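A.B. asks: Got a structure for you, questions after.
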Amino acid sequence: MSALRHFKSILAKNKYSCFYLNAYQTYEIFMIKKIPLVIVEDDIKLQSMLKDYFNQQQFDVHVLSNGSHITELLVQLNPAIVILDLMLPGENGLSICRRIRKEYTGKIVMLTASDDDFDHVAALEVGADDFITKPIKPRVLLARLRAVLRRDSKNEDEMKKLSFNQLELDFNRKKCTYNQQLIPFTDSEFDLLWILAQSADTPVSRETLTKKIRGIEYDGIDRTIDNKIVLLRKKLGDNSLSPNKIITVRGKGYLFASDVWE
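Note that our numbering has the sequence shown beginning at 4, numbered continuously upward.
This is how it looks when you write it as structure tokens:
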């Protein structure tokens with residue numbers, strides 16, 4: 004019997020049901036998976052307030068004061084959502100959003116102190132999913148985050164599948180078909196192909212691929228990713244001497260071409 008059914012049976016039968024009800028509620032709280040959230044905000048007072056508030060709302064919160072280390076943090080955590088301030092010291096929020104959108108597929112909500120429509124439109128055009136104007140009301144921001152996450156979950160099944168002409172990828176089943184033929188991949192080979200395909204037509208660095216596939220930092224020497232690329236090309240019928248499906252981009256990594264899967 005599952006823990007949930009066990010608790011319910013106790014509640015139905017036991018005269019000390021109030022005690023067990025409290026225990027069950029506590030169990031439910033601890034079984035709720037926290038949602039990973041990154042907040043990039045240079046106002047330390049606001050940053051601290053938002054961190055405390057969202058920690059109480061079942062988010063696993065990580066904070067940054069600027070965008071200098073955001074790429075590494077996104078690779079490490081793969082958060083469901085990022086709250087990104089528009090006006091930051093050094094690189095501004097629009098530039099950061101544009102930069103991380105090349106590889107980060109989660110949700111981005113931008114904070115702006117401006118009422119200028121130009122800033123709002125610019126935020127959406129560089130890849131933000133929503134924006135909210137300061138001063139921040141935490142409950143309103145929470146509602147906006149939940150709305151963005153619900154919008155994502157409605158399309159979750161579709162997002163677990165990718166299609167490029169005759170190439171079809173099914174993440175849940177780790178299944179790849181090309182020209183209606185099943186292509187046998189190991190889990191790590193499929194994961195590598197999936198990561199590249201998610202960022203189609205954009206180079207993905209060896210550093211990013213090594214971190215996501217192996218969970219370690221790239222040392223500049225490890226050839227594991229390169230060897231797996233060789234296997235992907237072979238199984239997908241890509242020309243090893245002049246590949247056009249998975250392309251090596253000098254100094255940047257590997258690029259999955261989206262328009263060659265006839």
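By construction, the Cβ of each residue, glycine as well, lies at the ideal position given by its N, Cα and C atoms.
These numbers were taken from a predicted model, which means no experiment stands behind them.
1) Could you pull out every residue in the same chain whose Cβ sits closer than 8 angstroms to the Cβ of Cys-100, ignoring the five residues on either side in sequence?
2) Per the contact definition of three or more C-beta pairs closer than 8 angstroms, is the stretch 192-209 in contact with the stretch 250-263?
3) Over the uninterrupted beta strand (DSSP E) stretch that includes Phe-134, give me the two end residues.
4) Run the CB neighbour count on Ala-203, radius 10 Å, all protein chains shown included, and call it buried at 16 or more, exposed below.
5) Rounded to the nearest angstrom, what separates Leu-195 and Asp-118 at their Cα positions?
6) By DSSP, does Lys-110 sit in helix, in strand, or in coil?
7) Relative to the C-alpha of Pro-82, which residue among Lys-137, His-65, Ala-150 is closest?
8) Whose C-alpha, out of Leu-97, Ile-224, Leu-235, Leu-148, is nearest the C-alpha of Ile-84?
9) Tell me the start and end of each unbroken beta strand (DSSP E) in the stretch 38-77 that is at least 3 residues and wholly inside, in chain order.
10) I need the boundaries of the beta strand (DSSP E) containing Gly-256, first residue and last residue.
11) Under a Cβ-count criterion, where at least 16 other Cβ atoms within 10 Å of its own Cβ denotes burial, should Glu-94 be classed as buried or exposed?
12) Under 7 angstroms Cβ to Cβ from Ile-232, same chain only, skipping five residues before and after it: list those, please.
13) If you draw a straight line from the alpha carbon of Asp-133 to that of Tyr-221, how long is it in whole angstroms?
14) Classify His-72: buried if its beta carbon has 16 or more other beta carbons within 10 angstroms, exposed otherwise.
15) Taking just the CA atoms, how far does Ser-68 sit from Leu-49?
16) Starting from Val-85 and walking both ways along the alpha helix (DSSP H), at which residues does that stretch end?
17) Which two residues bound the contiguous beta strand (DSSP E) that contains Ile-249?
18) Which of the three DSSP states, helix, strand or coil, is assigned to Leu-172?
19) Could you tell me the alpha carbon to alpha carbon distance between Lys-255 and Leu-76, rounded to whole angstroms?
20) With burial defined as no fewer than 16 other Cβ atoms inside 10 Å of the residue's Cβ, what is the status of Pro-187: buried or exposed?
21) In chain order, what residues of the same chain lie with their CB nearer than 7 angstroms to the CB of Asn-58, ignoring the 5 residues before and after it?
22) Roughly how many angstroms separate the alpha carbons of Thr-227 and Leu-234, rounded to a whole number?
23) Could you check the C-alpha separation between Gln-79 and Leu-185 for me, to the nearest Å?
24) Of the choices Phe-193, Pro-39, Ile-135, Asp-45, whose alpha-carbon is the least far from that of Gln-61?
C.D. replies: In short, the structure shows the following:
1) Residue 100 sits at position 97 when you count from the first residue of the sequence shown. Cβ neighbours of Cys-100 beyond the five flanking positions: Leu-87, Ile-111, Met-113, Ala-126, Val-129, Gly-130, Ala-131.
2) yes
3) In the sequence shown, residue 134 corresponds to position 131, counting from 1. It spans 133-136 - the beta strand (DSSP E) in which Phe-134 sits, taken as one unbroken run.
4) The count along the sequence shown starts at 1 and reaches residue 203 at position 200. Counting Cβ neighbours within 10 Å, Ala-203 comes out exposed, since fewer than 16 surround it.
5) Start at 1 with the first residue of the sequence shown, and residue 195 comes out as number 192. Start at 1 with the first residue of the sequence shown, and residue 118 comes out as number 115. Each residue's alpha carbon lies about 42 angstroms from the other.
6) Reading the sequence shown from its first residue, position 107 is the one you call residue 110. Correct three-state label for Lys-110: strand.
7) Within the sequence shown, numbered from 1, the residue matching residue 82 stands at position 79. When each option's Cα is compared against that of Pro-82, the closest is His-65.
8) To locate residue 84, count along the sequence shown from 1; it is residue 81. Of the listed residues, the one whose Cα sits closest to Ile-84 is Leu-148.
9) 38-43, 62-67
10) In the sequence shown, residue 256 corresponds to position 253, counting from 1. First-last of the beta strand (DSSP E) with Gly-256: 256-259.
11) As a first step, residue 94 is located in the sequence shown; it is residue number 91 there, counting from the start. It is exposed - the Cβ of Glu-94 has fewer than 16 other Cβ atoms within 10 Å.
12) The residue labelled residue 232 in the question sits at position 229 within the sequence shown. Closer than 7 angstroms at the Cβ level, and outside the excluded window around Ile-232, lie Ile-249, Tyr-257.
13) As a first step, residue 133 must be located in the sequence shown, where it is residue number 130. As a first step, residue 221 must be located in the sequence shown, where it is residue number 218. Distance between the alpha carbons of Asp-133 and Tyr-221 is about 33 angstroms.
14) Counting from one through the sequence shown, the residue named residue 72 turns up at place 69. Exposed, since its Cβ has fewer than 16 Cβ neighbours within 10 Å.
15) Taking the first residue of the sequence shown as position 1, residue 49 is located at position 46. Taking the first residue of the sequence shown as position 1, residue 68 is located at position 65. Answer to the nearest angstrom: the Cα atoms are 11 angstroms apart.
16) Within the sequence shown, residue 85 is the residue found at index 82, counting from 1. Unbroken run through Val-85 is the beta strand (DSSP E), 84-88; no alpha helix (DSSP H).
17) Along the sequence shown, read from residue 1 onward, the residue named residue 249 stands at position 246. That run of the beta strand (DSSP E) goes 249-252.
18) Numbered from 1 along the sequence shown, position 169 holds the residue referred to as residue 172. In the structure shown, Leu-172 sits in a strand (DSSP, three-state: E or B).
19) As a first step, residue 255 must be located in the sequence shown, where it is residue number 252. As a first step, residue 76 must be located in the sequence shown, where it is residue number 73. Each residue's alpha carbon lies about 19 angstroms from the other.
20) For this step, residue 187 is matched to residue 184 along the sequence shown. It is exposed - the Cβ of Pro-187 has fewer than 16 other Cβ atoms within 10 Å.
21) Within the sequence shown, residue 58 is the residue found at index 55, counting from 1. Here the set comprises Val-64.
22) In the sequence shown, the residue the question calls residue 227 occupies position 224. In the sequence shown, the residue the question calls residue 234 occupies position 231. Distance between the alpha carbons of Thr-227 and Leu-234: 11 angstroms.
23) Start at 1 with the first residue of the sequence shown, and residue 79 comes out as number 76. Start at 1 with the first residue of the sequence shown, and residue 185 comes out as number 182. Going from the Cα of Gln-79 to the Cα of Leu-185 covers about 32 angstroms.
24) For the purposes of this step, residue 61 is identified with residue 58 of the sequence shown, where counting begins at 1. Considering only alpha carbons, the answer is Pro-39.
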